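1 is the number of the first residue of the sequence shown in this note's numbering; add one for each residue after it. We put the beta carbon where it would ideally sit given N, CA and C, even for glycine. Only a predicted model underlies this, so the values are computations on that prediction, with no experimental measurement involved. Here the structure is laid out as structure tokens; the discussion comes afterwards.
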Amino acid sequence: MELWQEIIVAAFLVIAGVFGFVGSYGLIKLPDPMTRLHGPTKTTTLGVGGVLIASMIYFVFADAKFSFHELMITLFLFLTAPITAHFIAKANLHTSVKRADVSPTGSDRPWAGFESDEDRRIAETKGTIGE
């Protein structure tokens, strides 16, 4: 490999390491679960993605082969991490936040995470559904 190719691969690895470190540090140091969620889902995802991209670039330069598997892993990671973060946030919301502590929705309807079948029946009897 030539020097400029090695520099590109090394740059992606260093950037990935910085993102991974910042994400891990945020996971440990941020105060509550909702803010701690941002560390691994945002920055660590970019860190792992950077390592995979560096590996793809290395094998293109060193072996003249394109690694389709690493590309698929990177795309899968970037597509699934936000969905996983959403599920974790919703689970935390349902276990630790009271309905009275959330901001108003600006309508007669509650936030979707706090609506129950009983709330829906009460709203239907009052005639406030669909307004």
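Distance, Cα to Cα, Gly-26 vs Thr-41?
-> Gly-26 and Thr-41 have their C-alpha atoms some 10 Å from each other.
Apart from the five residues just before and just after Glu-131, which ones in its own chain have a Cβ nearer than 8 Å to its Cβ?
-> Since pLDDT at Glu-131 reaches only 48, below the 50 mark, its modelled position is unreliable, and the value read off the structure follows with that caveat. Once the five neighbours on either side are set aside, the close Cβ partners of Glu-131 are Asp-108.
Got a sec? Which residues, its chain only, sit under 6 Å from Phe-61 by beta carbon, not counting five neighbours each side?
-> Cβ within range, chain order: Met-1, Gln-5.
State the DSSP-derived secondary structure class of Ser-24, mapped to helix, strand or coil.
-> Three-state result, Ser-24: helix.
Quick one: grab the DSSP three-state call for Glu-131.
-> Annotation note: pLDDT 48 at Glu-131 (below 50); position unreliable, no value reported.
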